[in-house]
Each structure stands twice: as structure tokens, then as C-alpha cells.
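Residue numbers (the working numbering): 33 to 392.
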């Protein structure tokens, strides 16, 4: 005989869920400076462990003990971060020095366009141009951006420290779970961690490889046309590609705007924009689907909502972490019968979630 649903219990559950969501959001905002490096470290460890497993399959190198392989991967990780930091700092200084030149080039281009279309006699046109660029203080904008990069560097430094300790202590997590939880719950926790490790680790590793390929293609285009700071823009394009949908757009807009400011030529800017957009479209529509597939089971709408949510909480780092963090929470929700309906709402392939639930 079917039991009637208890409206009061359902309402109480809904209220508790809303209160819990608000509380978690408040903690994420208030504890941003502490929690962000920890989450970045956790996500980084997934990439490092997957890279370690891949390195173990390489002939000769795979003969090294696991701790040595982890040390090699961690050293490469730190070296890459140091190289990126040197590129960012060096580029920031050069950009500050060249901003007045870019501003003058843009002003000259606007005046040239007005003269070509014989609209130079419009009253106060030059004054309008001067007023417009006078209000857009590029040096101040750049200073704010450099300050943000500095604070982000501090977060990344702490994330590297946390990643080092997490890599070193990873072997003890299974024993701790077994000691704390009953056998049945411990087994469920191990399966949940296994799913997170597989899905998030593979996604981030393949996504990183895809972004490196996109960065190399973008660097080639920018270098061929002599665009300033081609290496910086290539790195930025690769990083922005971690952000779904919006990152691809920003990865084209920023270097295209600099091309316009550097050369003051619409023709050159259009060609660069077409080539960069072509690279983004090939990677996004052809390469990435083949390499990543359906490792992250989230609907496009949920991706957009998670992007907006994490961006509002943690800014650009939140946007980069939006997909892996939301996917991690979705896997956790799917492992408990009471919260599985929420995981179903987040998923693109509902049948996959139901099948995993039946197996557990």
C-alpha cells in the first residue's frame, strides 16, 4: 500500500535545504581567502595525480617509485607556474610603458576614419574623441588589473603549498576513511571518491591538454602578425578556455583589441580576429568533444548557472573552477538517496545517474 506524502515533512525538507544552501554560500563568501586556495589545491591534485599515472606508463620513467613520480610531476607543476608568473610580471611592466602609444594609435585611427568618410567637419568631433579617451584611463585600468594579478599570485602560492601536502598525504586518506566510518559507509565513500577522481581528474587533464593546443595555435597566429606580447596572450587564451562559453569569447576579444590599438588598422585586426575565432571554433566544436566527450555530465543550462554562481562568489578563479567544483558536488549528491533528485536535475544524461545509483 502506497504511503501518502507528508506535506509538512516535504516543506520542512525544502526549508532546510534552502537554509543550508544560503549558509554554504555565506561561508564561501566570508571564507574566500582561506577556502579558494584549498579548492584550487584539491583541483590541482586531480591533474597532478592523473599526470603521475600517465608518467608511470612511460618506459624507463615508469620504473621509478610512485613517490618519485609524484615529485617529478610536482616539480614540473611548480616550474610551469614560475614561468607563467615571470611572463605575467614581465608583460605587465611592458604594457604599462606602451599604453600611451596604444591610446594615441586609437585616437589617430578614429580621426582617420572620420576624415575618410568626410565627417571631420562635424562640430566638436575631435573634442568628442579627446573627451572619450580622456575618461577611459587605460593606465588606471591596467594598474587595477595588475593588482588583481598580484592577489591571485598569492592565492596560487598558497595553493601550491596545499597541493604539496595533499600529494604527500594522499595515501593516508583511505585508511582514515576506513577508521572513521562503518564498513558499509566507508565502501560507499571510497566509491564516491573513485568516481570524483576518475571524472574530474580525466576532465581536467584532457582539458589542460586541449588548452595548451589552443594556446600554441593562438601564439602562432599572433606571432605571425607581430602582435605585442604574443606569449602572454597565448597563455591568457589557454587559461580563459577553462571558463565555458564566456572564456572563448574573451580569449578572442582581448588580443583583438590590442591588435587594433597596436596597429590602428581595421584590416589587420579583422584578419587576426578571424584566425583566432577559427582556432577557437575548431577546438571547441571538433577537438574538445572528441577528447573530452561526456566526462562531465551536466546540462548546458546548469553549466551557465554554475558559471554565474561561482563567478559571483570568487570572481575569475571561481569561473575557472565552476565546472569541476559543480561536477564534484553533483557526484556527491548522486551518492545519497535523499539528494539524488538534485543530481538528476543537474545532469544532462539522467540515465547515467540512475544507473550509477542502482549499482551502489
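For every residue, glycine included, the Cβ atom is placed at its ideal position computed from N, Cα and C.
Range covered by the alpha helix (DSSP H) that runs through residue i
| i | result |
| --- | --- |
| residue 394 | The requested residue 394 is not part of the displayed model; the chain covers only 33 to 392. |
| residue 360 | 332-366 |
| residue 298 | 298-314 |
| residue 324 | 320-324 |
| residue 402 | In the structure displayed, the chain extends from 33 to 392; residue 402 sits before or after that span and is not available. |
Coarse secondary structure for residue i, derived from DSSP in three states
| i | result |
| --- | --- |
| residue 260 | coil |
| residue 90 | coil |
| residue 137 | helix |
| residue 63 | coil |
| residue 80 | helix |
| residue 75 | helix |
| residue 371 | coil |
| residue 120 | helix |
| residue 132 | helix |
| residue 96 | coil |
| residue 379 | coil |
| residue 269 | helix |
| residue 328 | coil |
| residue 145 | helix |
| residue 108 | helix |
| residue 274 | coil |
| residue 50 | helix |
Cβ neighbours of residue i in the same chain (closer than 7 Å, five flanking residues each side left out)
| i | result |
| --- | --- |
| residue 282 | 272 |
| residue 18 | Residue numbering for the chain in the displayed model covers 33 to 392; residue 18 lies beyond these limits and cannot be assessed. |
| residue 350 | 342 and 343 |
| residue 364 | 224 |
Per-residue burial, residue i [other beta carbons within 10 Å of its own, 16 or more giving buried]
| i | result |
| --- | --- |
| residue 108 | exposed |
| residue 235 | buried |
| residue 26 | The chain is shown from 33 up to 392; residue 26 falls before or after that span and cannot be answered. |
| residue 129 | exposed |
| residue 44 | exposed |
| residue 118 | exposed |
| residue 189 | exposed |
| residue 66 | exposed |
| residue 261 | buried |
| residue 375 | buried |
| residue 99 | exposed |
| residue 362 | buried |
| residue 69 | buried |
| residue 145 | exposed |
| residue 366 | buried |
Cβ-based neighbour list, residue i, same chain, cut-off 6 Å, excluding 5 preceding and 5 following
| i | result |
| --- | --- |
| residue 274 | 352 |
| residue 243 | 270 and 273 |
| residue 83 | 105 |
| residue 324 | 238 |
8 Å CB neighbourhood of residue i in its chain, flanking five on each side removed
| i | result |
| --- | --- |
| residue 57 | 345 |
| residue 198 | 73, 74 and 77 |
| residue 87 | 93, 94, 101, 104 and 105 |
| residue 80 | 102, 105, 106, 109, 195 and 199 |
| residue 137 | 293, 294, 295 and 296 |
| residue 116 | 267 |
| residue 360 | 228 and 232 |
| residue 315 | 242, 245, 246, 249 and 273 |
| residue 265 | 250, 251, 254, 259, 286, 287 and 290 |
| residue 319 | 242 and 245 |
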